[in-house]
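Protein chains in written order, with this note's numbering: chain A, -1 to 185; chain B, -1 to 185; chain C, -1 to 185; chain D, -1 to 185.
4 protein chains.
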Amino acid sequence: MDSRRPMRADARRNRERILQTAREAFATEGLAVSLDEIARRTGVGPGTVHRHFPAKEALVEAVLADRLGGLAEQARQAVRADQGGSAFFPFLLGLIGEARAKQDLADALARAEVDLSELTRRLALDLRRAFAELLARAQEAGTVRADVDAEDVQAVVLAAITAERHRADPERPGRIAAVVLDCLLVA
Amino acid sequence: MDSRRPMRADARRNRERILQTAREAFATEGLAVSLDEIARRTGVGPGTVHRHFPAKEALVEAVLADRLGGLAEQARQAVRADQGGSAFFPFLLGLIGEARAKQDLADALARAEVDLSELTRRLALDLRRAFAELLARAQEAGTVRADVDAEDVQAVVLAAITAERHRADPERPGRIAAVVLDCLLVA
Amino acid sequence: MDSRRPMRADARRNRERILQTAREAFATEGLAVSLDEIARRTGVGPGTVHRHFPAKEALVEAVLADRLGGLAEQARQAVRADQGGSAFFPFLLGLIGEARAKQDLADALARAEVDLSELTRRLALDLRRAFAELLARAQEAGTVRADVDAEDVQAVVLAAITAERHRADPERPGRIAAVVLDCLLVA
Amino acid sequence: MDSRRPMRADARRNRERILQTAREAFATEGLAVSLDEIARRTGVGPGTVHRHFPAKEALVEAVLADRLGGLAEQARQAVRADQGGSAFFPFLLGLIGEARAKQDLADALARAEVDLSELTRRLALDLRRAFAELLARAQEAGTVRADVDAEDVQAVVLAAITAERHRADPERPGRIAAVVLDCLLVA
DNA sequence: GATGAATGAGTATTCATTCAT
DNA sequence: TATGAATGAATACTCATTCAT
């Protein structure tokens, strides 16, 4: 395959549809969903899935990369919109809110540091950088405690997502996450 | 199995040994470990595993119930030893510390509320009650914020475990968990 | 599995039946026959084949080893029955005659020297030794040319089998093989 | 494909290139090489391979026919150059020597008589005729035993190739083949 | 009760072949 | 015509579950 040539329109469409199916399947049912099942739900043959993603791991990674890419872009936007650290908490809450609907985000964050390909590592780094920038501004503004770093914040976000997932209160969405995030405030 | 008749001594011993093997296997390698493998490690045939646990799910639940039972007992001890809410944070930190070594604890807590059998639900309730008692005392003593309930605390503990698992600092074990737990302190 | 304990009677029977099916399938259709097909023909599930032969290569080797073992035993008998080199040509002709019916024998000889397990190598060596003994006696008796060794003879036998396979004359079975074997006579 | 119309120049060129790739691939790696792989190595799409060779078997046959055609041409040259049967053994030795480098020749000879198309059968016949001519002259000259026919000789050649392949002595290439060919000499 | 052999549906992956672009 | 994407049957192998010994 000549990777410099753009993919044929129908192929690209199929690739997107498979990715979409996989994203949902992995998010709601976990990574154990079989490729045959994903093919079936997408409405293509198993061979088509394999053409686009030579091994299951490749599909998992593609889903992950897609997610990380989106997050990194959101983070960069937040940096551009930021005024004196004001974007920090809203960004985190947005992240958590999104994760409530799409469970795979937590997986993306959780696995971001491990066993991944070059592309994925680069995207994770992009995200980390924007994260760090937002954090630094909030710390300068004195709203966030000084003894945490970007990785800590990422861990806390993951923690908040986890908490939210297991203590979802339909009446007050995001409440428990907000409680957890409180730990980042200056004392 | 006729549950009214006590099990033969050797049968009970086998059941315990299988449970022990499964606990360790699930904790270190995840639920994907095969029953044949658990049988092999225990030194029994696969048929024996099936006799005690008719389906894999039954074994998973038994491991979970075992874990929850242990936690509930620990919690009750903490209640008995408590002096003016003093046992609250040490108990949580103990929980988190233990979870660092044994991954299945997080799963136990996370799944405690869902899809489980009568026995498991009862044990989860026992745990919840002791938890609530510890929390109430700490809130009366004024060390824990008043706007959280026992379920919130459980979610925060799960959050702290998650954070700790993804931000493990060998030099300062428990640091990020402590940061997260800070959110429970009165403001 | 405790390999010191004899296999259960029914298991041994199944193992033999699978081996038998595989022998015939490999001999008549080549190694490309699928394990599922062999299972089907034997009347067992694919899992049963896998229990006895963990990978396809293991089954191929088992078939091969079986064959080599039989050949080695035949060769040793020929050595015991030999009188002044008299057993040499009859043994070779017997080999070739058998190979006419069972094609896998040629494969067994051909692959005997390569890529094989300890067991297989040992059996191949046993065969070679008996072969060499028969050859030495025939050479001493002056019926076989002195400038060939046991490996040469094996190659010539393989050659004769090949020739026989492609020049099978139903009226005079073994004729072309006999012609080829003539090259071993003293000039 | 309309065989009455000459192929377009570029199409013919593609056909040749695919054939060339297949020849090398089959010779060095066996028939298991996939058509996609052959397409890739040739630098065309899999559809193009299929256009020229509707099924894999057709490609295999084409390679075979190509080989047989070449052999027949060599044989005819040998006949033209022959002086009183002098070309017989050199031709056979040349064949065997070539087969040492290119494994597919043995396959070509071995399969020449079976399951093949009209074209292939005709080429095989051409080869057989030239073979027979060489043999007749050598028999007239009294160097080759009278009780073998052209098909016998072909079988012996195949046998010698097989022997050579399994008893290759790097120090004396062709030795075992020469030993086998000895069986054709008059006694 | 225990054993471990057998079952068979299920998994990831490959590849000859078809067909839309 | 050429391309390469899609198809889907097939392959080797796994494993929860059943059942004869």
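For each residue, glycine too, the CB sits at the ideal point set by N, CA and C.
These numbers were taken from a predicted model, which means no experiment stands behind them.
TODO: With a cut-off of 8 Å on the beta carbons, I'd call A128/A and A79/A a contact; round off their distance for me.
DONE: About 12 Å; that fails the 8 Å criterion.
Can you list the residues of chain A that L156/B reaches, using a CB-CB cut of under 7 Å?
T160, A161, H164
Hey, how far is the Cα of L125/C from the Cα of P52/B? 52 Å
How would you write the range of the alpha helix (DSSP H) that P44/A sits in, first residue to last?
-> 44 to 50
Should E195/A be flagged as near chain B, meaning a C-beta pair shorter than 7 Å? As shown, chain A starts at -1 and ends at 185. That puts residue 195/A outside it, with no answer to give.
**Prompt:** Between A20/C and E59/B, what straight-line distance do the alpha-carbon atoms span, to the nearest angstrom?
**Reply:** 43 Å
Between the alpha carbons of A176/D and A158/D, how many angstroms are there, rounded?
8 Å
Hey, out of G68/A, Q18/A, R11/A, I94/A, whose CA is closest to L179/A's CA?
I94/A
**Item:** Alpha-carbon spacing of L132/C relative to F87/C, whole angstroms
**Value:** 9 Å
Endpoints, alpha helix (DSSP H) assigned at Q75/A
54 to 79
ask   = Taking just the CA atoms, how far does G67/A sit from A97/A?
value = For A97/A and G67/A, the distance between alpha carbons rounds to 15 Å.
*asked:* When you compare the CB of I174/C with every CB in chain D, is at least one pair closer than 7 Å?
replied: With a threshold of 7 Å between beta carbons, I174/C makes contact with chain D.
Residue range of the alpha helix (DSSP H) that D150/D falls in?
Segment 148 to 164, the alpha helix (DSSP H) holding D150/D.
- Query: When we look at the beta-carbon of E169/C and count the other beta-carbons within 10 Å, is it buried (16 or more) or exposed?
  - Reply: Result: exposed.
Any 3 or more C-beta pairs closer than 8 Å across the stretch 9 to 19 of chain C and the stretch 31 to 48 of chain C: In short, these stretches touch, since the Cβ pair count reaches three.
- Query: How would you list, in chain order, the residues of chain D whose beta-carbon sits under 8 Å from the beta-carbon of V146/C?
  - Reply: V177
Is there a C-beta anywhere in chain B that falls below 7 Å from the one on A70/A?
no
_Among L90/D, R119/D, V142/D, the one whose alpha carbon lies nearest that of G172/D_ = L90/D
* Could you tell me which of Q75/A, V31/A, V184/A sits nearest to T141/A, measuring between CA atoms? => V184/A
TODO: Note down, in chain order, each residue of its chain lying with its Cβ closer than 8 Å to the Cβ of M224/C, except the 5 sequence neighbours on either side.
DONE: As shown, chain C starts at -1 and ends at 185. That puts residue 224/C outside it, with no answer to give.
Under the rule that 16 or more other beta-carbon atoms within 10 Å means buried, what is A110/A, buried or exposed? Bear in mind that the predicted position of A110/A carries a pLDDT of just 47, short of 50, making it unreliable; the figure below should be weighed with that in mind. So A110/A ends up on the buried side.
- request: Using a Cβ-Cβ cut-off of 7 Å, state whether A23/C counts as contacting chain D.
  value: no
For D180/A, would you say it is in contact with chain B, using Cβ-to-Cβ distances shorter than 7 Å as the test? yes
**Item:** Interface flag, A97/C vs chain D, CB-CB below 7 Å
**Value:** no
Problem - Helix, strand or coil at L17/B [DSSP, three-state] - result: helix
Which word fits E138/B, buried or exposed, when buried means at least 16 other C-beta atoms lie within 10 angstroms of its C-beta? Exposed, by the Cβ-count rule.
I want to see whether chain A comes within less than 7 Å of A53/B, judged by CB atoms only; does it? no
Helix, strand or coil for V178/D, going by three-state DSSP, please let me know.
Under the three-state reduction of DSSP output, V178/D falls in the helix class.
Practice problem: Just the C-alpha distance for D150/B and R165/A, rounded to the nearest angstrom, thanks. | Solution: Their Cα atoms are separated by approximately 7 Å.
_Does L29/B come out as helix, strand or coil in the three-state DSSP assignment?_
coil
> CA-CA distance, T153/D and T160/D?
Replying inline: It should be pointed out that residue 153/D corresponds to Ala in this sequence rather than to Thr. Computed Cα separation, rounded: 10 Å.
**Asked** CA-CA distance, S115/D and S84/C?
**Response** Taking C-alpha positions only, S115/D is separated from S84/C by approximately 47 Å.
| message | Rounded to the nearest angstrom, what separates E35/D and T46/D at their Cα positions? | response | If you take the alpha carbons of E35/D and T46/D, they lie about 13 Å apart.
Give me the residue from T26/C, S32/C, H50/C with the minimum Cα distance to R10/C. H50/C
- Query: Which chain D residues sit within Cβ distance under 7 Å of A153/C?
  - Reply: Simply A161, H164, R165, I174.
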